[in-house]
Amino acid sequence: MTPELRRSFAGIDGWVGAILLIAVLLLAVLGPQLWALDPIKGVLTATFKPPGTIVSGQWHPLGTDQLGRDLLVRIMAGTRLSLGIVVIAGLISALIGTGLGLLAGYAGGWADIIIMRLVDIQLSIPFILLVLLVIAVLGPSIANVVIVLGVTGWAIFARVARARTLEVRELDYVEAARALGASRLRIVLRHILPNIITPQIVLLTLDLPRLIVLEASIGFLGLGVQPPVPTLGNLIGEGRSYLLVADWLVIYPGLVIAALVIGFNFLGDGLIRLTQVRVD
Amino acid sequence: MRRILSGVLGLGLLAATAASPVLAAPNELVIGRAASAATLDPGFLREAGTLVDNVFDTLILRDKEMKLIPGLALSWAAIDDTTWEFKLRPGVKFHNGEAFDATAVKFTFDRVIDPDAKSPTISYVRSVVGVDVVDPLTVRVRTNGPDPLLPTRMSRYPAYIVPPKYIAEVGKDVFARKPVGTGPYKVTEFVQDDRVVMVANPDYWRGKATIGRVVWKPIPEATARIAALVSGEVQLIEGVPAELVSLVKASPELNLEQVRNGGLTIYLGLKSAEKPLSDVKVRRALSMAIDRKTIVAEILKGLGTATGSQTSPADFGYKAIEPPAYDPAKAKALLAEAGYPDGFSIKMQVPRRYISSAEVGQAIAQQFAAIGVKAELEVPEWSVYAQQVPAGKQAPIYMLAWGSTQTLDADAALFAILRSGEPYSTVSMPALDALLDQSRKIVDADKRKAVLLEIQDKMVEDVPLLTLYQEDSLYAARKDLVFKGRPDARLPLFDLKFGP
């Protein structure tokens with residue numbers, strides 16, 4: 001195998017990941033436009049119809065659930081909501097983490113010590129316990145799920161950002177900027193941030209599948225978005241009670257989660273190779 | 001895809017059957033329940049007394065025909081309007097050897113009726129003011145007025161007789177985990193959320209129970225509960241979910257035991273002191289917006305009865321009330337009359353606890369939406385919810401089930417959830433309070449019945465809560481277990497045995 005061939009072959013998982021993600025994204029974004037049923041409203045006389053059933057003229061390609069709602073449209077709406085929650089939460093973590101990491105790395109001293117100890121503390125708290133606590137205090141809602149996921153995921157971003165900042169700030173061009181009298185803020189934002197952003201983006205793609213699974217777990221436990229609003233997690237959480245009579249209620253949302261997680265992981269791997277950065 | 005997976009699942013179940021060598025010995029019974037017991041102290045229960053029923057005795061018992069028969073008391077009689085005398089059974093001992101006598105009876109009631117103790121079930125014995133010891137085998141129970149129901153109040157929790165010396169010695173908290181009673185079974189092990197183990201009490205005063213050892217296992221997941229029964233890991237389960245009933249019926253190894261209206265009336269509680277639920281038109285509109293018959297037929301698969309009666313047919317003082325008519329158009333008009341032409345938003349809590357209850361909650365939210373009322377549904381964790389409700393911290397609309405199995409009298413079905421100030425009541429209607437208080441002071445059965453019926457008429461008029469339906473209790477057992485469901489929802493191990 002020539003190096004070129006190996007290189008392009010090695011990138012195939014990134015492509016697979018991208019295709020999976022685009023498929024799920026189309027399902028979430030365009031789906032509800034094309035398949036215009038109400039994900040909340042059901043027909044009580046048409047419960048547990050298996051995939052492919054036609055009920056009074058309405059075709060249900062993935063069947064209906066325990067309240068006679070179309071599963072396909074619920075998956076579409078659920079995927080859209082879950083993805084929305086996860087992406088916003090991921091961006092919040094990345095923002096907080098990168099900011100604090102930059103501060104710790106560039107300022108050093110006490111700021112560094114305090115921020116890095118906060119990272120240790122954050123990483124030592126069991127996530128589910130924290131969720132239970134926050135939801136018990138704030139009550140379950142979409143906004144609270146976003147907050148919990150967003151605020152608790154910053155630590156890993158801070159670590160990576162700090163490490164890169166330590167490296168970059170010693171480089172000659174940063175030294176040059178400093179000699180030219182650039183302010184600290186300008187140095188950090190114009191000269192350091194652009195040079196540490198790539199690993200942060202890669203990290204974000206690798207963090208999203210973790211968030212997808214976490215959001216699903218919260219939904220599964222019934223602590224997240226409340227029914228009848230569907231998310232991938234509470235679709236499975238509700239469907240599991242009917243596993244013996246209507247396995248499709250769990251299988252299809254499960255497949256979507258699997259596609260998302262595999263997709264993001266493959267894409268992340270592909271990006272790592274493409275940018276040749278190391279992420280710990 | 002579906003068929004293949006069902007096949008795989010079926011194989012899995014078969015394999016589980018074949019591969020479980022530890023089938024219980026005939027002298028051991030394992031019971032799968034939906035919920036774990038939080039406490040075994042019969043005076044301070046926050047749940048049905050299914051487990052403690054087998055560890056403790058009451059002064060009066062109920063036989064299979066639901067008639068009152070002597071228990072720890074040999075006889076009882078009212079000696080005047082407010083005093084009942086009980087002659088106690090001699091020679092009965094608690095599991096630890098402590099003797100049962102009049103002091104134990106006095107101690108039992110003193111600790112429950114003490115308002116500082118905050119017993120969740122105090123409503124049931126609210127009429128008791130005190131117990132006097134006449135001699136070691138005679139007690140007199142004083143009531144705050146004539147209380148014709150006193151004997152039935154003595155037949156279930158919180159009237160289980162507890163050992164005074166043992167509790168004084170180990171304290172209330174240890175007692176709740178290592179209870180000692182006079183009943184047919186002793187608790188030998190209590191691991192919360194995992195198991196409660198009981199063994200037959202050889203010195204029981206009615207004779208030793210047939211089944212030697214009983215293990216109660218909480219299996220919250222209904223599907224897992226059924227799978228455990230099919231595999232033989234448990235021999236009896238409570239709470240068969242509606243959609244799995246056909247599966248149990250089809251199995252040659254299992255029996256389905258269905259008790260029609262077996263205990264619980266499901267209702268939506270309303271915080272009727274707060275706007276907008278303080279307006280009777282709004283409450284009536286909400287009631288009309290619910291299609292009870294379709295909910296029972298389609299979500300409960302017929303395993304219940306849509307009703308307007310909060311009392312159950314087995315109760316003294318039962319009034320048959322038709323389920324309120326489903327009429328969304330009229331409901332909308334009523335809302336407009338009440339000043340809410342565009343409806344309103346309100347929080348609603350529905351726990352995943354009764355038959356398909358979370359699904360029922362979603363269906364009701366949808367039916368409310370049809371008249372413009374936006375119900376923000378929350379499906380709370382039962383352990384949290386069970387504490388929120390008696391503390392008054394629940395949502396303005398909340399689902400609860402209440403039963404009269406404690407006394408099989410309309411009083412038990414109504415008083416605790418309607419009288420203002422009771423822990424489980426969010427109703428505050430002076431006219432209703434007056435009737436409820438009156439009902440507890442009449443000794444004459446016919447007159448009392450008239451008041452109980454009047455209370456229920458008043459409920460139809462004022463809609464203090466939204467009665468939905470009465471659910472059946474569903475048990476499933478292995479064919480070799482002789483088991484009969486009871487209308488009072490007890491599971492008396494003493495009467496169980498393995499058949500041929």
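Residue numbers (full-length UniProt numbering), protein chains in the order written: chain A, 1 to 280; chain B, 1 to 500. From the three backbone atoms N, C-alpha and C, an ideal C-beta is built for every residue, glycine too. Source: prediction; values computed, not measured.
Which residue from A/L214, A/G42 and A/G97 puts its Cα closest to that of A/W154?
Cα-wise, what sits closest to A/W154 is A/G97.
Which of the three DSSP states is assigned to B/K118 in this structure?
coil
Ordered along the chain, which non-local residues of its own chain (more than five positions away) have a Cβ less than 8 Å from that of B/L436?
L414, F415, L418, R419 and I455
Contact residues within the stretch 12–41 of chain A, judged by C-beta distance below 8 Å to chain B
I40 and K41
Taking the alpha-carbon positions, what's the A/L62 to B/E243 distance?
Approximately 19 Å, taken between the alpha carbons.
Less than 7 Å between the CB of B/V191 and some heavy atom of the ligand PLP, yes or no?
The ligand PLP is absent from the structure shown, which contains no ligand whatsoever.
Would B/Q394 and B/A289 be called neighbours here (beta carbons separated by less than 8 Å)?
no
So what does B/I60 bridge to, in DSSP terms?
Bridge partners of B/I60: B/P70.
Within 8 Å, strictly: CB atoms of B/V360 and B/I295:
yes
Compute the Euclidean distance between the alpha carbons of A/A177 and A/G90, then round it to the nearest angstrom.
32 Å
Report the residue ranges of all beta strand (DSSP E) runs contained in full by the stretch 160–213 of chain B; include only those spanning at least 3 residues, in chain order.
185–191 and 195–200
8 Å Cβ cutoff met for B/D411 and B/L149
yes
Alpha-carbon to alpha-carbon, B/G207 and B/R283:
Rounded to whole angstroms, B/R283 to B/G207 spans 53 Å at the Cα level.
Whose Cβ in chain A lies nearer than 8 Å to the Cβ of B/E257?
Within chain A, no residue comes near B/E257; the closest Cβ sits about 20 Å away, beyond 8 Å.
Runs of 4 residues minimum, wholly inside the stretch 69–98 of chain A: which ones carry the alpha helix (DSSP H) assignment?
For the stretch 69–98 of chain A, not a single whole alpha helix (DSSP H) run of length 4 or above is found.
Residues that B/I226 contacts on chain A, provided the C-beta gap is smaller than 8 Å:
L244
Report all residues from its chain with a CB closer than 6 Å to the CB of B/G130; omit the five preceding and five following residues, and keep chain order.
R142
Residues that B/W216 bridges to, as DSSP identifies them
B/I31 and B/V196
According to the neighbour-count rule (16 or more other Cβ atoms, all chains shown, within 10 Å of its Cβ), is A/E175 buried or exposed?
exposed
With 16 other CB atoms within 10 Å as the buried threshold, where does A/I125 fall?
exposed
Under 7 Å by beta carbon: chain A residues contacting B/E381
G222
Residues of the stretch 199–219 of chain A in Cβ contact with chain B at a cutoff of 8 Å, in chain order, please.
The stretch 199–219 of chain A vs chain B, Cβ under 8 Å: nothing.
B/R111 to B/Y318, Cα distance in whole Å?
32 Å
Excluding sequence positions up to five away, which residues of its chain have a Cβ less than 6 Å from the Cβ of B/N96?
Y166 and V180
Can you tell me which residues form a DSSP beta bridge with A/H60?
A/T53
Let's test the definition: count the other Cβ atoms within 10 Å of the Cβ of A/D172 and tell me whether it reaches 16, buried, or not, exposed.
exposed
Contacting positions in the stretch 213–244 of chain B - beta carbon closer than 9 Å to chain A:
E221, A222, T223, I226, A227, P241, E243 and L244
CB contact check: B/Q310 to chain A, cutoff 8 Å
no
Sequence-distant residues of the same chain with beta carbon closer than 8 Å to B/I161, five excluded per side
F56, D57, T58, L59, L72, F100, A104, V105, T108, G181 and T182
Which residues in chain A have a C-beta closer than 7 Å to the C-beta of B/L247? List them in chain order.
L244
For a contact defined as C-beta to C-beta under 8 Å, what are the partners of A/P228 on chain B?
Q362, A365, Q366 and L377
Going along chain A, which residues have a C-beta under 8 Å from B/T305?
Ordered by position in chain A, no residue passes the 8 Å Cβ test against B/T305, which lies about 17 Å from the chain.
What three-state label does DSSP hand A/W35 in the structure shown?
coil
Work out the CA separation of B/G145 and B/K441 for me, nearest whole Å.
6 Å
Helix, strand or coil for A/L184, going by three-state DSSP, please let me know.
This sequence places Arg at residue 184 of chain A; Leu is not what is there. Correct three-state label for A/R184: helix.
Segments of 3+ residues assigned as beta strand (DSSP E) that fall wholly inside the stretch 253–333 of chain B:
254–270 and 304–306, all fully within the stretch 253–333 of chain B.
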